[in-house]
Structure formats: structure tokens, C-alpha cells
Amino acid sequence: MKIIHFFLQIAVLTAFYGAGVLLQTLSKAPIPGSIFGLVLLFLALKLRIVPAGWLEHGATFMQKYIPLFLVPATVGVMDYFHVFTRGGQWLIAIVVLSTLLTMILAGAVAQMAGRLTAKNKEAASCAKSFSKQA
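Position 7 (the sequence shown) corresponds to 7 in the UniProt record's numbering; numbering is contiguous.
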């Protein structure tokens, strides 16, 4: 029975992707259909149309094996080897700098989120202890 649930979860995730592609095709927007699908999935989860528990195992599986999904894109870069031979040093510099910037920003956002969470927990515990005293 678990295997059926697993495949249903993957099917639901794929359906959101398909809906996003369809929406992109109909709207002719310059945004990829996969992004539309992610936004639709986000809205469905946020509005509790689809409970997160319904998709948890399928999403975890897909997240675990995402590097395998990215291999074709990485191998496809070899088709553009001539681009790297002409201006490769600039491309490498841009990739390194953008990676560093992404890491720095992700770390800063994670630290801010951690501080916010700690503040919220502290405020909740203060309110709880205050209400017990009253």
C-alpha cells in the first residue's frame, strides 16, 4: 500500500508541473512552466488545498535524487565547449563570484531566520509564563 501512496504523491507533483507547463503555454509568458507549477504547488500547500503530508515521501525521494536529474544539463554544457575556450576565464570568474554571493546571502538569510525563530520562541515562553502568573 505504501508503494501506491508513493507513486500517487509523485503523480500529484507531476500534475502540478504539467499544470504549470499548460499555464505557461496558454499565457505565453516568458516564465518557465516549471516555475508556474512550483507557484501553483506553493499556493495549494499554503491554502491547505493539498496537505503537506500527502506529498512528503514523494517530495523527499525526488529531492534526494535531484543530482541525477541535473546530470543531463551538466553534460549538455560540453556542447558549448567553444564558448569556454574563448572567454572561459570570465565565465569561471562569474560562476565563482555568483556562487560566493549566493552562499553569503543564503547564510545571512538563515541567520536572520534563526534569530527570528529564537525571538518568537522567547516571546512565546515569556507570554506563557506571564499568563501562568496572572
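We put the beta carbon where it would ideally sit given N, CA and C, even for glycine.
These numbers come from a predicted model, not from an experiment.
Extent of the continuous alpha helix (DSSP H) to which residue i belongs
i     : result
Lys28 : Segment: none, Lys28 is in no alpha helix (DSSP H) and carries neither H nor E.
Met62 : 56 to 64
Buried or exposed (CB count within 10 angstroms, at least 16 for buried), residue i
i     : result
Gln9  : buried
Leu55 : buried
Leu41 : buried
Check whether residue i and residue j have beta carbons under 8 Å apart
i     : j      : result
Met62 : Leu116 : no
Val50 : Ala44  : yes
Leu23 : Gly33  : yes
Phe7  : His57  : no
Leu91 : Phe84  : yes
Exercise. Okay, do the stretch 12 to 19 and the stretch 33 to 43 touch, 3+ Cβ pairs below 8 Å being the bar?
Worked result: yes
Exercise. Could you give the uninterrupted runs of the alpha helix (DSSP H) lying entirely in the stretch 36 to 119, keeping only those of 4 residues or more?
Worked result: 56 to 64, 66 to 76
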